[in-house]
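Colleague: My structure is below; once you've seen it, I'll send some questions.
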Amino acid sequence: MASRLGLYSNYSLLYGVIPVERWILTCKKCGVDTIAISDMDNIFALHEIMEKVHEEGLSVVVSATLTTAQGRIWLFVSSKKGFSNLCTILSYTSEQDTLSSLCSLHEGLVAAACEYSLLKTLTGHNVKVYGALTPTNFEAVAHAKKLGIELIAVEDALYIEKEDIEIHRVLRAIATGKTVGTLGQDDCAQPTFFHTGDEYEKIFSAWPESLQNSENVARMCADLPLFDSLIFPDYPLKNKESPKTELRKRVYTGAHQRYGELSDGIIERIEYELGIIDTKGFAPYFLVMHDIVLSASRSCGRGSGAASIVAYALRITQVDPIAHNLYFERFLTLAREDMPDIDVDFAWDERDGVLRKVFQSFPEGHCARVANHNFFRYRSALRECAKAYGLSDAAVSAFFRGDTQDPLWPSIVQTAQAVTGFPRSLSTHCGGVVITPARCSSYVPLKLSREGYPLTAWEKDGVEKAKLVKIDLLGNRSLAVIRDALASLRKDGIVIDEDLWDPTRDEMTVELLRRGDSMGVFYIESPAMRQLQKKTQRGDFDHIVIHSSMIRPAANTYINEYVRRLHGGTWESIHPLLESMLEETCGIMCYQEDVSKAAILLARFSESEADMLRKIIAKKDRQRRLKVYEKRFFEGCRKNGIKENVIEKVWDMMLSFDGYSFNKPHSASYAMVSFQSAYLRAHHGAYFMAAVLSNRGGFYHTAAYISECRRMGLNLKGVDINESDYQYTASKDTVTVGFMAVSQLHRETVSRIITERERRGPFRSLSNLSRRLSIGSSDLTSLVASGALDSISASLSRSRQLQFLLMNSRAEKEEQPQLFEKPLPSLPVQKKEVMTKREKRDELLGEYQALTFLRDHHILYLYAEKIMSVRRIRAYQIPQFTGCHVTLIGCPITRRTVVTKHELLMDFISFEDETALFETLIFPDVHKRYQALLYSPHPLILEGIVKREYDAYSVEVRSIRKLIV
Amino acid sequence: MDKEGASIIHVNITDFFASVAIAEDRSLQEKAFVIAYEGDGRSVVISSSACARREGIEKGMYLSTAFRMVPHLQVIPPDERASFVMQRSLYEIASGYTPAVENSPGGHLYLDMDGTSRLFGPAIDSAVLMSRTICERLSLQPAVAVASNKLVAKIATRAIRPSGITHIPKGEEKDFLFSQDISLLPGLSYANRRLLRVAGIRKIGTVADLDDQQAEALLGKNGIALRNSARGEDLTPVNTRRFEERSVSTRIDFNRGSQRLDTIEAALIRGAEDIGLQLRKESMGCHALAITIYWADRKVTTYTGRSKELLVWDDQLIQTLKGWLDKALSRRLHVIAVALKGTQLRPYIEETELFEEFSVTKTRQIQKSVDLLRLRFGNHLVTRATALHHG
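Chain order of the listed sequences is A and B.
Start counting the first sequence at 42; every next residue gets the next number (our numbering).
Start counting the second sequence at 344; every next residue gets the next number (our numbering).
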């Protein structure tokens, strides 16, 4: 056995320079069979080390280096208890310093140090400790003799080759905010290189026992089974019933509420799922999830969990898996070892509260947020390296534009290439949480997130490999939209019974989705999705499920083909074995599970292999591992007698799932939220749009939703001192703009206005408002500019309103209250009817600046005079001009810029005029010519050809002009 | 005084940084360029050329937006040194007309021409002459105004920007200001500008017509002051405080940018020797030292430190400066020059102490001998070995 202890990988953040894989390959080449990578104060790389070491057939010792004021201590884990102690020592929650922690938590740990003071302290606390000899430090020989302890050889290597020193210096410069030239001696490590077998033995030849002890420790600590069972929280019950029984009770109660009388089929499915859940011991996990979703107003369970009737009965998910034929085995099987995946969305404004409640409802220290590991990408590495060499941001930007004159660039590029992929920091995963039966810090080292939550040292894959059960609690804006719309409806006496509410069967909703009238509707409101709806002319639930999954960036070719086939175009199944599986999607792979299923059917992958292939395809850094699977897939298919061109076609289709795809249960969950919001839009448009606007929209900005309200035929009431609430409100077919739309208006002022209005009735006039409330000049300016005071100021122009209020409010403070309203101060009185055109326009401009939209007009109204001289068609007329050259005027609403195969830019921009939205395609040649105009804040004159694809229209732009020159 | 009473000249170089860049490189005249610190996406436009302005690029706009609008936009970092030199040249030209010159940063000068008419004629003549000189000698196109006070002159140059000459005779201020756009009035905050816009007040004259009560009610506690400004009332004198107080300074340029600590330290030692010699030549010492670092991206940062002890000798200066260098090197960037400036100069009187340490006395003796050599044969004949590193 040959071992190396005390190697530092690049997970010693901004310090170590050797990636884990390089250490392993180097050690293997030198005949080392057991390695201990001992990163500084962390074990971030643990799972990567374990995976790669085992791939290469080597053994691993779990290890870390503690940095203390007196020196370094190498720690090697010799038992599960030792691992738990190491996690606690490395956690921020440890109340003592690391040395004191180690003195009290040393069971299962082997320590080694060079400094006398450290060795003395550790021996004094009965820690199993060795005097560490390193290739550059032999002082422990004397200390060990004095203290009567044994010696151990530690490689203590940071570098493999001389070139690594420069990378270390660059990393230190990045970490300390200095340049490579201004680094001090203490900022960098001493050069400590890795030694080959003979060199290594020669160094320690005077103390052969140190080498022997090194081998002994390696043998004792290698390949410990640390993660052998799933870790999820206990669920203690007051009535001392088992979680299993409690779950059964809750599931059947929930199922009765969902289905009414339970059919045999439903009972059979429940029993089947409960059987698997019981066998795997997941009952507490489901009960915890149930409690979490009950703490919020509404939720949307997504991910493969949506295929479970148990989750549906517990209201963790909202889609009936039986009615929609969802495949439970995608979620849970007896054979699968990985964790069931239940992700839950909550209303965006409730999510943080739910997280807080979760942390509060479990004992302190039993919950932690999941981390993200942040890595250097090439551009960030290049920028940071250039700065470390003292180059300016401008020089880096110039380099990106092709100016590479500085002679330093070749070495900077080389260093940046080396640093690319290095980990650099930890951040918080958007929603991942782990809950553990004992303190989290005994399973995983904890750091502290910026928000003050405990943070796991591992990212989601690491957490999964440690068998910690992760739940994702995410925020979703549309759930808040649905919640608010339903609440407003209830207020107006319209109650929708959610237990009986099935929007998927509502004809008006289906028709609305068929037309692609889905602005504001969850997930399917983007221009690309609305165009797909128009092209397919399908608005039923099954098709929305398909479309939600199919609309992925890498699948354009397949989307066009799908539309063609859906409209009756001829097609043949890619292979008879896939015929039934892909029947509902016209032979196109659509869901994640299609990848796994195809691999099983065509190449005879096992279920877990197929699942792994699916996961690898979705990963960004997939290249190396994907090659292995590609080879296996091709070989498997060939053995199955499948033709080469078919294999290639299937493989290409699989790769279109590149980084982004849904499984069917997930897609169905999302489609259900889409249907609920679409139903509200179809039947209660005003309530729905008010809720969309109150929750600050989704894909589009406020002005676009305001225009949509007008197109929907809704009345729009401008913000009004006596009628508006903070949020947008609705009543029948009217949306009233809320005070939240007024920019620079303080929330506290709004609260005072509403309270005063509720206490003493509506404001009757400007002087009445002035007497009742003292409002600051900035807020008064905002209120007046938005038109909020128009209704109480007779026919006064807004400029006069503000003058009156400012002067009146000052006079009020100085004089006694008067019985009658004061006469207006002596500025010229400006009545609305005598306002000049310029003054009216200025008033509207002020309104636009205060609201970002106009209360009674489309924004183009401000350009009316300019527009009059342009001969154009309106957007609603576009279908009448298919194939014709047309001129339109529009304001850009949203854009998607893409890079073509030839590395050229093109844009898909949605424009809007007074009548409708319209989609445009701006091809690279036009884009290049008019790029500057595309970012103009003013409306544009667009000339182009109207194109039709099925029932979707777009304008292929040929030229663009400014409306205002 | 000018017979019409208008004796204040305001010289305003519009978009000073961009104008300086054009003056330095005439080929930029017809190019769309902006002055900005290029870097990450948050950089903003500091100043823009006329050509860039025509494309819709404005001061304060994100550089990334500007690039989208004009993909081939040229970005030039502000050249602090050239701007400083240009500002000094402007000051020198102005000083030829009157000793009462106020030098404001960003290409602004105020001249009080009171009492100069016998030398140069009316102030407007001086303004014309000076404008021509600036144009010829510095290749800058100034906006110049003659008025009875600084405020009116400033509004006048704003009104005629980017260049030209105007004269507001005394007594005509009100008429001139009445129809000017309110945005030209100095001292208006963003909030007040917004308020006046919504209140429909677009002209300075409307504010000028407000009485005290109205002015305070509309514009808050500064309302009366603003109203007075709108009436053209301004009693502030031209501030002729000396541009630079007495100081000693030196600058060491590197042939190529350097980020090596030893090279920068060597430059510091050489600089310390320079200012030390200047101080001792005048029997002075200094209590404050400024280390100015000129970075590769043309930004300039200065660290100023103060010492209770009067700094006279090279070893004192070097020790002090070395201690502050870490703070002065505040950025991760190549350094192209280091400048040192000693201020708060005080006379140094050498007192012989009865029991002065021998080593100190010896060091001082060596220093004096070295000073003699330097004064006779040149500054850098004798220098510390570490300073030679700089080459």
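Note that CB positions come from ideal geometry on N, CA and C, so glycine has one too.
No experiment lies behind these values; they were computed from the predicted model shown.
1. To be precise: take each residue of the stretch 395–416 of chain B, compare its Cβ to all Cβ atoms of chain A, and keep it if any distance is under 8 Å. Which residues remain?
2. Determine the direct distance from the alpha carbon of Thr606(B) to that of Leu683(B), and round the result to whole angstroms.
3. How would you write the range of the alpha helix (DSSP H) that Tyr353(A) sits in, first residue to last?
4. Which term fits Phe780(A), buried or exposed, when burial requires 16 or more other beta carbons within 10 angstroms of its beta carbon?
5. Could you confirm whether any beta carbon from chain B is found closer than 8 Å to the beta carbon of Val61(A)?
6. Starting from Thr583(B), trace the alpha helix (DSSP H) in both directions and tell me its first and last residue.
7. Per DSSP, what are the beta-bridge partners of Ala486(B) in this structure?
8. From Ile1007(A) to Phe268(A), what does the alpha carbon distance come to, in whole angstroms?
9. Can you pull out the residues from the stretch 614–639 of chain B whose beta carbon lies closer than 8 Å to at least one beta carbon of chain A?
10. Which of the residues in the stretch 417–447 of chain A, read from start to end, lie with their CB under 8 Å from any CB of chain C?
11. From His209(A), Gly112(A) and Glu96(A), pick the residue whose C-alpha is nearest to that of Leu54(A); which is it?
12. Taking contact to mean 3 or more Cβ pairs, one atom from each stretch, closer than 8 Å, check whether the stretch 634–654 of chain B and the stretch 666–683 of chain B are in contact.
13. Just the chain B side, please: which residues come within less than 9 Å of Ser977(A) by C-beta, in chain order?
14. Mind pulling the chain B residues with CB within less than 9 Å of Leu807(A)?
15. Please specify which runs of the alpha helix (DSSP H), each continuous and at least 4 residues long, are wholly inside the stretch 591–658 of chain B, giving them in chain order.
16. I want to verify the contact list: residues of chain B whose CB lies under 9 Å from the CB of Leu981(A), in sequence order.
17. Quick check: is any heavy atom of the ligand FMN less than 7 Å from the C-beta of Arg839(A)?
18. According to DSSP, simplified to helix, strand and coil, what is Met404(B)?
19. According to DSSP, simplified to helix, strand and coil, what is Cys478(B)?
20. Please give me, in chain order, every unbroken run of the alpha helix (DSSP H) with length at least 4 that falls completely inside the stretch 361–432 of chain A.
21. Quick check on this structure: which residue in Leu962(A), Gly342(A) and Asp766(A) has the alpha carbon closest to the alpha carbon of Thr358(A)?
22. How close, in whole Å, do the beta carbons of Pro568(A) and Ser345(A) come, if the pair is a contact with beta carbons under 8 Å?
23. Return the CA-CA distance between Leu288(A) and Pro362(A), expressed in angstroms with no decimal places.
24. Starting from Asp693(A), follow the alpha helix (DSSP H) in both directions and report where the run begins and ends.
25. Give the secondary structure of Cys481(A) by DSSP, where H, G and I count as helix, E and B as strand, and everything else as coil.
26. Taking Cβ-Cβ distances shorter than 8 Å, what residues in chain B pair up with Val221(A)?
27. By a C-beta neighbour count over all protein chains shown, 10 Å radius and 16 as the cutoff for buried, is Glu608(B) buried or exposed?
28. Please say whether Glu880(A) and Phe740(A) have beta carbons closer to each other than 8 Å?
29. What span of residues does the alpha helix (DSSP H) with Val733(A) cover, start to end?
30. Chain A beta carbons: is any one of them nearer than 8 Å to that of Pro420(B)?
31. Tell me the start and end of each unbroken alpha helix (DSSP H) in the stretch 376–459 of chain B that is at least 4 residues and wholly inside, in chain order.
32. Taking Cβ to Cβ, would you say Val562(A) is nearer than 8 Å to Ser715(A)?
33. Under 9 Å Cβ-Cβ, which residues of chain A neighbour Gly449(B)?
34. Hey, is the stretch 419–434 of chain B in contact with the stretch 443–455 of chain B, meaning 3+ C-beta pairs nearer than 8 Å?
35. Just the Cα atoms here: how many angstroms apart are Leu676(B) and Ser468(A)?
36. Using only the alpha-carbon positions, how far apart do Ala352(A) and Phe327(A) sit?
Modeller: Per the coordinate set shown:
1. From the stretch 395–416 of chain B, only Glu398, Gly399, Thr408, Arg411, Met412, Val413 and Pro414 have a Cβ closer than 8 Å to chain A.
2. Residue 683(B) sits at position 340 when you count from the first residue of the second sequence. Residue 606(B) sits at position 263 when you count from the first residue of the second sequence. Using only the alpha carbons, I get a separation of about 15 Å.
3. Counted from its first residue, the first sequence places residue 353(A) at position 312. Taken as a continuous stretch (DSSP letters only), the alpha helix (DSSP H) holding Tyr353(A) covers Ile350 to Ala354.
4. Looking up residue 780(A) in the first sequence gives position 739. That one is buried.
5. The residue you call residue 61(A) lines up with position 20 of the first sequence. No, Val61(A) lies away from the interface with chain B (no Cβ there is under 8 Å from its Cβ).
6. For the purposes of this step, residue 583(B) is identified with residue 240 of the second sequence, where counting begins at 1. Thr583(B) -> no alpha helix (DSSP H), and no H or E assigned at all.
7. Here the question's residue 486(B) lines up with position 143 in the second sequence. BP columns for Ala486(B) point to Asn355(B) and Gly507(B).
8. Residue 1007(A) is absent from the structure shown; chain A starts at 42 and stops at 1006.
9. Taking 8 Å as the Cβ-Cβ cut-off, the stretch 614–639 of chain B approaches chain A at Trp638 and Ala639, given in chain order.
10. Structure shown: chain C not included; protein chains present are A and B.
11. The residue you call residue 54(A) lines up with position 13 of the first sequence. Leu54(A) has its Cα closest to that of His209(A), out of His209(A), Gly112(A) and Glu96(A).
12. Cβ pair count under 8 Å is three or more, so yes.
13. Taking the first sequence and counting its residues from 1, one reaches residue 977(A) at position 936. For Ser977(A), the chain B residues whose C-beta falls within less than 9 Å of its own C-beta are Gly399 and Met412, listed in chain order.
14. Here residue 807(A) refers to the residue found at position 766 of the first sequence. In chain B, no part has a C-beta under 9 Å from the C-beta of Leu807(A); the shortest such distance is about 14 Å.
15. Taken in chain order, the whole alpha helix (DSSP H) runs of length 4 or more contained in the stretch 591–658 of chain B are 604–624.
16. Position 940 of the first sequence, counted from the first residue, corresponds to residue 981(A). Per Cβ cutoff of 9 Å: no residues; Leu981(A) is ~13 Å from chain B at best.
17. You won't find the ligand FMN in this model; it holds no ligand whatsoever.
18. Residue mapping note: residue 404(B) aligns to position 61 of the second sequence, counting from 1. Met404(B): coil per DSSP, three-state reduction.
19. Position 135 of the second sequence, counting from 1, holds the residue named residue 478(B). DSSP places Cys478(B) in helix when its eight states are reduced to three.
20. Listed in chain order, the complete alpha helix (DSSP H) runs (minimum 4 residues) inside the stretch 361–432 of chain A are 392–402 and 419–429.
21. In the first sequence, residue 358(A) corresponds to position 317, counting from 1. Checking every option, the nearest Cα to that of Thr358(A) belongs to Gly342(A).
22. The sequence position of residue 568(A) within the first sequence is 527, counting from 1. The sequence position of residue 345(A) within the first sequence is 304, counting from 1. For a cut-off of 8 Å, the C-beta gap from Pro568(A) to Ser345(A) is around 29 Å, too long to register as a contact.
23. Here residue 288(A) corresponds to residue number 247 of the first sequence, with the count starting at 1. Here residue 362(A) corresponds to residue number 321 of the first sequence, with the count starting at 1. In this model, Leu288(A) and Pro362(A) are separated by some 19 Å (Cα to Cα).
24. In the first sequence, counting from the first residue as 1, residue 693(A) sits at position 652. Note, Asp693(A): alpha helix (DSSP H), Glu685 to Leu696.
25. Here residue 481(A) is taken as the residue at index 440 of the first sequence, counted from 1. For Cys481(A), the secondary structure class from DSSP, reduced to helix, strand or coil, is helix.
26. The residue given as residue 221(A) occupies position 180 in the first sequence. The CB of Val221(A) comes closer than 8 Å to the CB of Gln602 in chain B, given here in chain order.
27. Position 265 of the second sequence, counted from the start, is the residue given in the question as residue 608(B). For Glu608(B), the number of other beta carbons within 10 angstroms of its own is at least 16, and it is reported as buried.
28. The residue given as residue 740(A) occupies position 699 in the first sequence. The residue given as residue 880(A) occupies position 839 in the first sequence. No.
29. Position 692 of the first sequence holds residue 733(A). Run containing Val733(A): Gly726 to Ser735, per the alpha helix (DSSP H) assignment.
30. Position 77 of the second sequence holds residue 420(B). The C-beta of Pro420(B) comes closer than 8 Å to at least one C-beta of chain A.
31. Every alpha helix (DSSP H) stretch that sits fully inside the stretch 376–459 of chain B and reaches 4 residues is listed by chain position as 393–397, 406–412 and 423–438.
32. If you number the first sequence from 1, residue 562(A) lands on position 521. If you number the first sequence from 1, residue 715(A) lands on position 674. By the CB criterion at 8 Å, Val562(A) and Ser715(A) fall inside the cutoff.
33. Here residue 449(B) refers to the residue found at position 106 when the second sequence is read from its first residue. The premise fails here: Gly449(B) is roughly 22 Å from chain A at the closest Cβ pair, so nothing lies under 9 Å.
34. Yes, the stretch 419–434 of chain B touches the stretch 443–455 of chain B.
35. Taking the second sequence and counting its residues from 1, one reaches residue 676(B) at position 333. Taking the first sequence and counting its residues from 1, one reaches residue 468(A) at position 427. Cα to Cα, the separation comes out at about 28 Å.
36. Within the first sequence, the letter at position 311 stands for residue 352(A). Within the first sequence, the letter at position 286 stands for residue 327(A). If I take the Cα positions, the gap works out to 8 Å.
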